[in-house]
Amino acid sequence: MIDLVYILCPGHSGSTVLGMLLGAHPQLATVGELKVVPWSFRNDESCSCGVAMSQCAFWSDVAKKLDASGMDLISDQFRTHIDNRDTMTARLVAGQVGEHLEETARSAVLQLWPPARKYLKDTLACNIALMQTIMELTGRNVFLDTSKDASRLRYLAKSHRFKISVVHLIRDGRAVAYSLIRKGVDPRTAAKEWLAEHEQAERLRAMNLSDTRWVQVHYEKLCADADGVLASLCDFIGVRAEDRTLDFRSWDSHVLGNRLRLSSGKEISLDERWRRELTEEPLAIVEEITRSTNQRYGYA
Ligand SMILES: [Zn+2]
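Those letters in the sequence shown? Residues 1 to 300, per our numbering, in order.
Put into C-alpha cells, the structure is as follows:
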C-alpha cells in the first residue's frame, strides 16, 4: 500500500501553496497535481525548476525509469486522470460524487461493466507506477498529490491500493468565488462551483472509506500560522514535525499544475481582495449560495 496524502478542495483554495510547503518536507514526494503529469509531459509544459519538462533532468529520469518497466509517459495510453466529460465509461468512473443511492448504483454498474473496470484498472496502474517511480527517484516514502478532485479521490480510495490521509482544505467561499469571477466566471456559477466541491468532499467523507483518514485545514489559518498548521499536519500524516520548513522554495521542486509554481515569491500571504473589490450585487449572489456552508465552516 502506498502512503498517500491527498489535498481535496475546490480550485483557488490554496492547494498549490500547501503542496509546496509540505513538499519541502524530506519524507514527502510530490510533483503537485499528479493528474496533470501525462498531459503536461506531452505538451512540454514548464516545470517549477524553471525549464520545460523535456529539458528537465528529473522528468527525463522519470520517463526513463517508466520506460524500463514497459510504460511510456509520452503515449496517450498513459493516463493518470479520467476526464468525466470524455465518454460514458469516463462519466461512470469519474462522475461527480453523488448521494448515497447514486453511488451505490455507480458501484453496481462498475461491477457489471468490464470495459469500465479495465479503464479504471489501467488508470490506477499508471498512477501507481508514476508514484512509485517518483518516490524511488526522490528517496521519499510518502506521496503527496494536490490534484484536488473528489471523484479522483473516490476511485483511488476504493482501489484499496493506498493508505490515504485526506487534507480537506477550506477557504472562505467568497474569496474562492471572487478568484473565479476575476477570471470571467459569473458570480452564481463561481459560488456554485465552490459549494459543489465541498458537498462532494462531505459525501465522500460520509462514505467512511476504509484506509482513509481525514483532517480539515483552513487556508486562512495556514496563512496566519503556517508553522502551527504544518506541525499538526505532520503529526496527522505521520512524518517528523521537526523536519518541516516554512521556506517552500527551499527544495529542488519539479511541480506541475497551478501557475503559482512558476513565481518566485517567498511570502505566504492571504489575498482578501474580495472584501474590497466584490461589489454589492455579485456579493449578494455569492453569499446567498455559500452562506450556510460557509457559516458551518466558521466564516462569519
Ligand atoms: Zn523540473
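No residue lacks a Cβ here, since even glycine has one placed at the ideal position from N, Cα and C.
I'd like the list of long-range same chain contacts for residue i, defined as Cβ closer than 8 Å, with 5 residues on each side in sequence excluded.
i, result
"Cys56", "Cys47, Cys49, His254"
"Tyr178", "Ala190, Arg273, Trp274, Glu277, Leu278, Val286"
"Leu195", "Gly173, Ile289, Thr290, Thr293"
"Val109", "Leu92, Ala116"
"Leu302", "Examination of residue 302 is not possible in this model, given that the chain is present from 1 through 300 alone."
Beta-carbon within less than 6 Å of residue i's beta-carbon, same chain only, minus the 5 sequence neighbours each way: which residues are those?
i, result
"Ala63", "Leu73"
"Leu124", "Ser159"
"Glu197", "Pro10"
"Asp145", "Tyr6, Leu34"
"His218", "Ile170"
"Thr138", "Ala29"
"Ala201", "Leu8, Ala150, His168"
Give the DSSP-derived three-state secondary structure of residue i in the structure shown.
i, result
"Ile268", "coil"
"Thr87", "coil"
"Thr212", "strand"
"Ala24", "coil"
"Lys148", "strand"
"Ala300", "coil"
"Gly32", "strand"
"Lys163", "strand"
"Leu169", "strand"
"His100", "helix"
"Asp235", "helix"
"Thr41", "Here the sequence assigns Phe to residue 41, which means Thr is not the residue at that position. Three-state DSSP puts Phe41 in a helix."
"Leu278", "coil"
"Ser48", "coil"
"Leu73", "coil"
"His218", "strand"
"Leu246", "coil"
"Asp252", "coil"
"Ile82", "coil"
"Asp186", "coil"
For the candidate residues the options, whose alpha-carbon lies nearest to that of residue i?
i, options, result
"Met1", "Gln132, His100, Trp214", "Gln132"
"Ala29", "Arg213, Leu180, Arg273, Ile237", "Ile237"
"Ala175", "Asn294, Asn43, Arg106", "Asn294"
"Val5", "Leu156, Ala196, Ile170, Leu278", "Leu156"
"Leu153", "Arg182, Arg117, Gln111, Met207", "Met207"
"His251", "Gly11, Leu22, Val142, Asp67", "Correcting the residue type first, residue 251 is Trp in the shown sequence and not His. For the residues Gly11, Leu22, Val142, Asp67, the minimum Cα distance to Trp251 belongs to Leu22."
"Val97", "Leu8, Ile181, Thr245", "Leu8"
"Met135", "Phe58, Leu120, Tyr119", "Phe58"
"Phe143", "Thr89, Val217, Val166", "Val166"
"Arg188", "Leu283, Gly298, Thr87", "Leu283"
"Lys118", "Asn141, Leu92, Thr138", "Leu92"
"Glu45", "Tyr299, Leu256, Asp67", "Leu256"
"Leu130", "Arg296, Arg240, Phe78", "Phe78"
"Asp76", "Ala241, Leu18, Asp122", "Asp122"
"Leu204", "Lys148, Leu233, Val239, Phe248", "Lys148"
"Gln216", "Gly298, Glu281, Thr16", "Gly298"
"Phe248", "Ser269, Ile181, Lys65", "Ser269"
"Asp211", "Lys163, Val185, Glu281", "Lys163"
With a cut-off of 8 Å on the beta carbons, I'd call residue i and residue j a contact; round off their distance for me.
i, j, result
"Trp214", "His168", "6 Å"
"Lys192", "Ile289", "6 Å"
"His25", "Asp243", "6 Å"
Within the same chain, show all residues whose beta-carbon is closer than 7 Å to that of residue i, passing over the 5 residues directly before and after it, in chain order.
i, result
"Arg161", "Met1, Ile2, Leu124, Ile128"
"Lys221", "Val229"
"Asp227", "Leu246"
"Ala241", "Ala231, Cys234, Asp235"
"Gly14", "Leu169, Arg171, Tyr219, Leu222"
**Message:** Using a Cβ distance threshold of 8 Å, determine whether the region 266 to 286 contacts the region 71 to 88, with at least three qualifying pairs required.
**Reply:** no
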